[in-house]
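First comes the structure, then the notes that go with it.
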Amino acid sequence: MSDKKQKNRRDFIFTATAAAGAVGVGAAVWPLVDQMNPDASVKALASTEVDISSVKPGQSITVVWRGKPVFIKRRTQDEINKARSVSLDELKHPEKDEDRVKNPEWLVMLGICTHLGCVPLSDKGEYDGWFCPCHGSHYDTSGRIRKGPAPINMEIPEYVFLNDNTIKIG
Amino acid sequence: MSDSHYIPKSKVGKWFNDRLPLLTLANHLTDYPTPKNLNYWWTFGGILTFCLITQIVTGLVLAMHYVADTKLAFASVEHIMRDVNYGWLIRYVHANGASMFFLAVYIHIFRSLFYGSYKSPREIIWIIGIIIYLLMMAAAFMGYVLPWGQMSYWGATVITNLFSAIPFIGEGITTWLWGGFSVDNPTLTRFYALHYLIPFLILGLVVLHIWALHVPGNNNPVGIEIKKPSNDTVPFHPYIVIKDAFALLLFMIVFAFFVFYTPNILGHADNYIEANPLVTPAHIVPEWYLLPFYAILRSVPDKLMGVIAMFSAILILVALPWLDTSKVRSAVFRPLYKQFYWILVLDVLVLGYVGAMPAEGLYLLVARIATAYYFIHFLIILPFLGLIEKTNPVPLSITEPVLAGAAMATKSAGENKIENNLKSLG
Chain A
55 MSDKKQKNRR DFIFTATAAA GAVGVGAAVW PLVDQMNPDA SVKALASTEV DISSVKPGQS
115 ITVVWRGKPV FIKRRTQDEI NKARSVSLDE LKHPEKDEDR VKNPEWLVML GICTHLGCVP
175 LSDKGEYDGW FCPCHGSHYD TSGRIRKGPA PINMEIPEYV FLNDNTIKIG
Chain B
2 MSDSHYIPKS KVGKWFNDRL PLLTLANHLT DYPTPKNLNY WWTFGGILTF CLITQIVTGL
62 VLAMHYVADT KLAFASVEHI MRDVNYGWLI RYVHANGASM FFLAVYIHIF RSLFYGSYKS
122 PREIIWIIGI IIYLLMMAAA FMGYVLPWGQ MSYWGATVIT NLFSAIPFIG EGITTWLWGG
182 FSVDNPTLTR FYALHYLIPF LILGLVVLHI WALHVPGNNN PVGIEIKKPS NDTVPFHPYI
242 VIKDAFALLL FMIVFAFFVF YTPNILGHAD NYIEANPLVT PAHIVPEWYL LPFYAILRSV
302 PDKLMGVIAM FSAILILVAL PWLDTSKVRS AVFRPLYKQF YWILVLDVLV LGYVGAMPAE
362 GLYLLVARIA TAYYFIHFLI ILPFLGLIEK TNPVPLSITE PVLAGAAMAT KSAGENKIEN
422 NLKSLG
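Residue numbers (my numbering), protein chains in the order written: chain A, 55 to 224; chain B, 2 to 427.
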C-alpha cells in the first residue's frame, strides 16, 4: 500500500467521523433548543371569543389573547372619516384603513407598540388614536404609526365576527 | 515563573503537593510580585470579588424562599421581606449588591481606560473582562424580572423585544426567548434558571481573568513594564492584601449605607406593583447602571439601528486595544488623552442622565449628541490621538522618578518599548 493511498483512506475515516459526529451533536442539541419554544399548553390557548354587545360608539375594550392585549375599538363616524381621509403618501407604513378592518365601525388590533412591545394609551397622541408612553410613538385612529420610533402599524390579529355581538380572535 | 520550583517544608505538604500542586498555587498567590506604586483605584478587583461572592451567597439563600411562578413570585418576595428571618436584610443586600457590583465594575473599567491597562500584552484580560461585564448585565436584567413587579414585566418585555428588530428571524427568536407569545410563566422560569447559572459562569471567567493577569502581572499608574520581582515590586501578601482589605472596608461602609438607610433609592417604586400585562407604566426606565446604553438605544430613531447602536456601544470596547494606537499606556504621560478621557467620563454620565429622562425635546437632542460623541471618541479620536499626540517622558522604572527626582530620564516611548521587549525576553 502506498503512503498516498493510506492517507486517502484516513481522510475518509476522519471526514466520515466528523460528519456523523456533527449530525449526532445536532440531533442531541435540537431538543434542548426547541424545548424553549411555546409548549402545547401555551398553543392550546390560541383563540378567544369576545362579547362586544356592551361596547358603545367611541368606546374601546381591551381583552387578552395569547397573553397579549387586544384593543377592540368601536369607532365613531368622525374617527372613521379621519382614518380614511389620510393619503397613503403621508404614512410611514402605508396601509388603507379599509384593509385593516372587516367592519369599519370595529377596529380589532393587537394593543402592542411595534417598537418594543409596550401597551399604547388610547385616545392620546397627536393623531387622536394611541400614544405609546415608553418611547413616544403616535398612532392614528386606524392604529397606523404616524410619528416616533415604531417601524410598522399595530398588528391586526386573525379574527371573525361569529355574529353581530361576538368576535372570535385567533 | 520562579515560584513553580516551590517545595513545601512539611512532609505531608510535599506528599500532597506532588500529587496536586495547590500549595504551589497558594505560594504563587502569596508571593506574586506586585508593582509597589498601585494606588487605590487598583483595589476594585478585590472589591469586585467580594461583590460576586456576596451576590452568590445571598442569592443562594433567597432561592430557598423564592417561587418562580407568575402567580406566586410577587407574593413570595413579599414573604421574604416580611416573614423570613432576616429576609429583608438578605434581599436588600442582594438588590443593592447588584448596584454596588456595577458601581465597582464601572470604576474598575474606567481605571483601565485611564491607565491603559487594556493595551498589549493585556488584551485578553481586557476582553475577558468585557465578557464578564456582558454576563453581569444579563444576570442583573434577569434578576430584576424575578420579583414580577411592573418594572420587572415591562423591562423584560422591552429588552426581549430588542431581538425582534433582527430582520426575518427576529420574531421567531423573541417567541423562542419567551416560550410563548408574550412574557409569561415560561419566561419567568427560564430567567430564574439562567439567573442562577450566570454567576457561576462569571466566577469561572474571573478565574481566567486573574490567570491572564498573572501572566504579564499588573499594570501600574506609571504604565511601564517592570522587572518582576525587583525593587519595583512588593509581594502580594501582606502589602496588597492589607491595602485591598482597607479599601474593601471603606466600600462596605457605602454598601451598608444603601442597605440600611436608603434600600429602595436605587430601585423603582413601580416594581412594588404586581406585574400587569395590560397596563404599561407611564415611564419605563431600566436600573441606573444600564441607563447610558438605554439612552443610546432611544437616541436612534430607527428600531434596528437603535438596537445595533446599543450593542455596538458595548462591543466596541472589545476592539479598544487596537483602536488606541498610542504606545504610552498611562494617561499620566498623555496630556491630550487625559483631557479626552475626562470628556468621555462626562459623556457617559450625560448619557446616563438623559437615559433616565423622557426621550423628547432637548433631552433627545442631548442624547443624540452624546451618543455620537461616544462613538467618535473610540472610532476617531483614539486612533488619531496615538499618532499625533506628543507624550511626556516616561520613567524607566517605578523607583527612578522617586530616587532621581528631577533627573528623570527623557527616553521616548518608542525606545522604552524596545527596552521593555528586551527585558521580557531576558
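The beta carbon of each residue, even a glycine, is placed where N, CA and C say it ideally should be.
In the DSSP assignment, find the alpha helix (DSSP H) that holds residue i and state where it starts and stops.
i, result
"B:Gly218", "It is not in any alpha helix (DSSP H) - B:Gly218 carries neither H nor E in the DSSP assignment."
"B:Ser100", "88-116"
"B:Phe429", "For residue 429 of chain B there is no data in the structure shown, the boundaries of chain B being 2 and 427."
"B:Ile297", "292-300"
"B:Lys244", "242-262"
"B:Val349", "336-357"
"B:Arg330", "From DSSP, B:Arg330 is part of no alpha helix (DSSP H); its letter is neither H nor E."
Can you tell which of the options has its C-alpha closest to the C-alpha of residue i?
i, options, result
"B:Ile381", "B:Trp323, B:Val329, B:Pro336, B:Leu23", "B:Trp323"
"B:Ile167", "A:Leu170, A:Gly202, A:His189", "A:Leu170"
"A:Gly165", "B:Leu318, B:Leu279, B:Ile399, B:Gly356", "B:Leu279"
"A:Val302", "B:Ile174, B:Ala76, B:Tyr375, B:Leu366", "Only positions 55 to 224 of chain A appear in the structure, and residue 302 of chain A is not among them; the question remains open."
"B:Gly117", "B:Leu73, B:Ile160, B:Leu383", "B:Leu383"
"B:Ala27", "B:His196, B:Pro236, B:Ala360", "B:Pro236"
"A:Pro148", "A:Phe66, A:Pro205, A:Ile221", "A:Pro205"
"A:Ser107", "A:Val118, A:Trp119, A:Ile126, A:Arg120", "A:Ile126"
"A:Trp160", "A:Gly197, A:Ala98, A:Gly190", "A:Gly197"
"B:Phe261", "B:Gly180, B:Arg92, B:Gly205", "B:Arg92"
"B:Ile81", "B:Ala371, B:Met65, B:Ile170, B:Asn40", "B:Met65"
"B:Phe252", "B:Leu267, B:Leu49, B:Leu30", "B:Leu49"
"B:Glu390", "B:Leu30, B:Asp303, B:Ser313, B:Arg335", "B:Arg335"
"B:Trp149", "B:Phe45, B:Ala276, B:Tyr107", "B:Ala276"
"B:Val62", "B:Asn86, B:Asp70, B:Phe45", "B:Asn86"
"B:Leu163", "B:Asp303, B:Val78, B:Pro187", "B:Asp303"
"B:Gln151", "B:Ala139, B:Val355, B:Thr326, B:Ala74", "B:Ala74"
"B:Ala320", "B:Val159, B:Asp271, B:Ser121", "B:Ser121"
"B:Lys229", "B:Ala194, B:Val242, B:His215", "B:His215"
"A:Gln131", "A:Leu142, A:Ala73, A:Pro123, A:Gln113", "A:Gln113"
"B:Leu316", "B:Ser331, B:Phe142, B:Phe379, B:Thr234", "B:Phe379"
Quick check on residue i: buried or exposed, where buried means 16 or more other Cβ atoms within 10 Å of its Cβ?
i, result
"B:Gly156", "buried"
"B:Ala246", "exposed"
"A:Arg138", "exposed"
"A:Tyr193", "buried"
"B:Val329", "buried"
"A:Asn62", "exposed"
"B:Leu426", "Annotation note: pLDDT 48 at B:Leu426 (below 50); position unreliable, coordinate value reported separately. B:Leu426 should be labelled exposed."
"A:Trp84", "exposed"
"B:His196", "buried"
"B:Tyr41", "exposed"
"A:Glu239", "Beyond the ends of chain A as shown, which are 55 and 224, falls residue 239 of chain A; an answer cannot be given."
"A:Thr195", "buried"
"B:Trp127", "buried"
For residue i, go through chain A and note every residue whose CB falls closer than 7 Å to its CB, in chain order.
i, result
"B:Glu361", "Gly190"
"B:Lys1", "The first residue shown for chain B is 2 and the last is 427, placing residue 1 of chain B beyond what the model contains."
"B:Asn162", "Leu170, Gly171"
"B:Trp155", "Cys172"
Please compile the residues from chain B whose C-beta is within a distance smaller than 7 Å of the C-beta of residue i.
i, result
"A:Thr116", "Leu279"
"A:Gly224", "Per Cβ cutoff of 7 Å: no residues; A:Gly224 is ~10 Å from chain B at best."
"A:Val140", "Result: empty, since nearest Cβ-Cβ is about 21 Å, beyond 7 Å."
What in chain A is Cβ-close to residue i, meaning under 8 Å?
i, result
"B:Val159", "Leu170, Gly171, Cys172, Cys188"
At a CB-CB cut-off below 9 Å, which residues of chain A make contact with residue i?
i, result
"B:Thr176", "Asn91, Pro92"
"B:His284", "Pro187, Cys188"
"B:Pro187", "Met90, Pro92, Asp93, Val96"
"B:Arg191", "Met90"
Name the chain B residues that come within less than 9 Å of residue i, Cβ to Cβ?
i, result
"A:Pro203", "Arg299, Val301, Pro302, Asp303, Lys304, Gly307, Ala360"
"A:Pro148", "Within chain B, no residue comes near A:Pro148; the closest Cβ sits about 18 Å away, beyond 9 Å."
"A:Lys122", "Phe182, Ser183, Pro278"
By the criterion of Cβ-Cβ separation under 8 Å, what are the contact partners of residue i in chain B?
i, result
"A:Val79", "Here the premise fails: no neighbours, minimum Cβ distance about 20 Å."
The beta strand (DSSP E) spanning residue i covers which residue range?
i, result
"A:Tyr193", "191-193"
"A:Leu164", "160-164"
"B:Thr234", "234-236"
"A:Gly183", "183-186"
"A:Glu103", "102-105"
"A:Thr220", "220-223"
"B:Pro322", "That residue, B:Pro322, is in no beta strand (DSSP E); its alpha helix (DSSP H) goes 321-324."
"A:Gly175", "Sequence check: residue 175 of chain A is Leu here, not Gly. Unbroken beta strand (DSSP E) run through A:Leu175: 175-178."
Is there contact here, the segment 338-354 of chain B with the segment 267-283 of chain B, by at least three beta-carbon pairs under 8 Å? no
For the 8 Å Cβ check, are there 3 or more pairs between the segment 96-105 of chain B and the segment 292-310 of chain B? no
When the Cβ atoms of the segment 214-230 of chain B are set against those of the segment 24-44 of chain B, are three or more pairs found closer than 8 Å? yes
Say whether the segment 291-298 of chain B touches the segment 109-123 of chain B, bearing in mind that this needs 3 or more beta-carbon pairs closer than 8 Å, one atom from each stretch. no
Three CB pairs or more closer than 8 Å across the segment 106-123 of chain A and the segment 209-222 of chain A: yes
Are there three or more Cβ pairs, one per stretch, closer than 8 Å when the segment 91-99 of chain A is compared with the segment 175-188 of chain B? yes
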